[in-house]
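As structure tokens, the structure follows; a few thoughts come after it.
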Amino acid sequence: MVDDLDTVLDTPIGDSPDPGEFIRAAMRWHFDPGTGSPFWLARARTLDFDPLTDVKAVDDLALFPNVCDELRDVRAEDLVPRGYGEKPDVCGIFESGGTTGRPKRVVVLRDWFLRSQEWISASLDAHDVPRGVNWLTMLPSGPHMAGYAYPRLARDRGGHGFSIDMDPRWAKQLVSSGRAEDARAYADHLLGQARYLLRSQDVGLLAITPPVLERLAADDELTDLVREKVKAIVWVGTHMDASTRDLLGGEVFPGLALVGFFGSTMMMHSCSQRVTEDVGELVFDPPSPYITFRVVDPDSGRQVDHGARGQVVVSHVSRSFLLPNNLDRDEATRVPGLRGQVGDSLGDVAPVQVFDGETVIEGVY
Numbered sequence: 003m004v005d006d007l008d009t010v011l012d013t014p015i016g017d018s019p020d021p022g023e024f025i026r027a028a029m030r031w032h033f034d035p036g037t038g039s040p041f042w043l044a045r046a047r048t049l050d051f052d053p054l055t056d057v058k059a060v061d062d063l064a065l066f067p068n069v070c071d072e073l074r075d076v077r078a079e080d081l082v083p084r085g086y087g088e089k090p091d092v093c094g095i096f097e098s099g100g101t102t103g104r105p106k107r108v109v110v111l112r113d114w115f116l117r118s119q120e121w122i123s124a125s126l127d128a129h130d131v132p133r134g135v136n137w138l139t140m141l142p143s144g145p146h147m148a149g150y151a152y153p154r155l156a157r158d159r160g161g162h163g164f165s166i167d168m169d170p171r172w173a174k175q176l177v178s179s180g181r182a183e184d185a186r187a188y189a190d191h192l193l194g195q196a197r198y199l200l201r202s203q204d205v206g207l208l209a210i211t212p213p214v215l216e217r218l219a220a221d222d223e224l225t226d227l228v229r230e231k232v233k234a235i236v237w238v239g240t241h242m243d244a245s246t247r248d249l250l251g252g253e254v255f256p257g258l259a260l261v262g263f264f265g266s267t268m269m270m271h272s273c274s275q276r277v278t279e280d281v282g283e284l285v286f287d288p289p290s291p292y293i294t295f296r297v298v299d300p301d302s303g304r305q306v307d308h309g310a311r312g313q314v315v316v317s318h319v320s321r322s323f324l325l326p327n328n329l330d331r332d333e334a335t336r337v338p339g340l341r342g343q344v345g346d347s348l349g350d351v352a353p354v355q356v357f358d359g360e361t362v363i364e365g366v367y
């Protein structure tokens with residue numbers, strides 16, 4: 003059911019299709035009764051504009067309301083575009099960490115998943131992260147996309163994928179209820195699982211969240227094991243400040259590649275840090291026009307100037323999923339994108355303190 007005009011949606015992520023042509027094709031796909039998802043076809047009737055005629059470029063995605071909260075309750079089946087047929091190839095139904103309330107859900111179809119994985123793998127190559135090594139993944143498991151994607155990335159790159167169980171919601175609940183000692187005990191439990199694996203197995207890459215990496219770095223045995231065996235550390239999450247990066251990369255784990263990724267369930271992707279010799283600001287570039295960033299003033303919604311900080315707005319547009327104009331729970335410095343990129347890049351991403359009236363708790367993630 004794919005129109006020849008819409009094959010631009012199948013362009014490899016790294017090939018940067020014409021953004022206007024891409025957006026117009028996505029609107030035709032997602033708002034045609036024969037190919038769009040039940041969710042968006044129903045939602046279209048409530049919009050005060052026509053996506054088929056009014057959304058012609060990436061900037062026009064700002065016309066859409068932020069429907070992210072509706073993903074807490076919508077049927078998963080209603081998120082799948084009808085153009086995939088009666089038996090769509092679904093990798094999984096993944097949930098957010100619940101930082102801002104009840105979890106939100108997305109449906110990840112295999113075509114997007116594989117293309118996203120290819121882009122992430124190419125990013126790792128650009129950072130000289132070795133292939134052919136085993137990975138230890140210390141990322142949220144269960145319904146969370148990171149725990150599904152990263153062990154598979156290890157296999158795609160010629161190694162085996164070891165992993166541990168991690169429940170970020172439980173850790174956040176412990177912190178929010180004042181049970182600091184229990185939260186520390188849970189973090190120790192995570193490190194204990196890693197200890198057994200690192201003692202006995204060949205592990206060449208560690209994929210880990212920043213809070214857990216900091217705790218690992220305070221453990222002498224684990225630090226020695228990582229120094230002895232691991233060749234690269236991939237940290238996944240939104241926040242690691244410059245002083246912590248300098249300490250971990252320069253003093254605790256010298257000689258190891260330390261590569262950051264910024265991603266989220268609602269983005270359905272992770273963006274690696276920009277390859278640069280500058281050790282200062284950490285910049286994340288999106289694979290536009292599939293994923294685009296804006297940095298806005300949270301009160302007015304207006305875009306801030308380059309070099310100013312504001313709240314991140316993320317849009318995901320692909321054949322498999324549409325989630326435009328999503329006000330994220332992170333803030334960043336607005337940075338000019340790379341040549342040919344549409345939209346902003348993000349510098350020094352960090353969580354906002356309060357989002358939707360709720361205190362943001364990172365916990366182990």
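Counting from 3, one number per residue, gives the positions in the sequence shown under my numbering. Beta carbons: idealized from backbone N, C-alpha and C, even for Gly.
Quiz item: Per DSSP, what kind of secondary structure is A78 in: helix, strand or coil?
Solution: Correct three-state label for A78: helix.
Practice problem: Take T344 as the anchor and find which of Q305, P288, L324, A310 has the nearest alpha-carbon. | Solution: Per the sequence presented here, residue 344 reads as Val, with Thr not at that position. Minimum Cα distance to V344 is reached at P288.
Quiz item: Can the beta-carbon of A124 be found less than 9 Å from the beta-carbon of T139?
Solution: Cβ atoms of A124 and T139: not closer than 9 Å.
Quiz item: Hey, would you say V319 sits closer than 9 Å to G312, going by beta carbons?
Solution: Contact flag unset, no.
Quiz item: What's the gap between the Cα of M3 and the Cα of M242?
Solution: For M3, the pLDDT reaches just 47, beneath the cut-off of 50, and the residue's location in the model is therefore unreliable, leaving the point undetermined.
Quiz item: Just how far apart, CA to CA, sit G309 and I15?
Solution: Between G309 and I15, the alpha-carbon positions lie close to 27 Å from each other.
Exercise. Determine the DSSP secondary structure at T267, reduced to helix, strand or coil.
Key: Here T267 carries a coil assignment [DSSP, helix/strand/coil].
Self-check item: Own chain residues within Cβ distance below 7 Å of A369, not counting five before or after
Solution: It is not possible to answer for residue 369, since the shown part of the chain is limited to 3 through 367.
Practice problem: Would you check if the stretch 172-191 and the stretch 201-210 touch, i.e. whether three or more CB-CB distances between them fall below 8 Å? | Solution: Taking a cut-off of 8 Å on C-beta distances, the stretch 201-210 does not touch the stretch 172-191, as fewer than three cross pairs fall below it.
Quiz item: Helix, strand or coil: how does DSSP classify D346 here?
Solution: The three-state reading of DSSP puts D346 in strand, counting E and B together.
Quiz prompt | Spatial distance of T294 from V60 (CA atoms) | solution = Here the C-alpha atom of T294 lies approximately 8 Å from the C-alpha atom of V60.
Quiz item: By Cβ distance below 6 Å, which residues in the same chain neighbour P153 in space, the five residues on each side in sequence not counted?
Solution: Once the five neighbours on either side are set aside, the close Cβ partners of P153 are T139, G163, S165.
Quiz item: Would you say the stretch 64-83 touches the stretch 38-53, given that touching needs at least three Cβ pairs under 8 Å?
Solution: Cβ pair count under 8 Å is three or more, so yes.
Exercise. Check D243 in the structure and name its three-state DSSP category.
Key: Coil.
Exercise. Enumerate, from N- to C-terminal direction, the unbroken alpha helix (DSSP H) stretches of 4 or more residues contained entirely within the stretch 140-223.
Key: Complete alpha helix (DSSP H) runs here, min 4: 147-158, 170-178, 182-202, 212-219.
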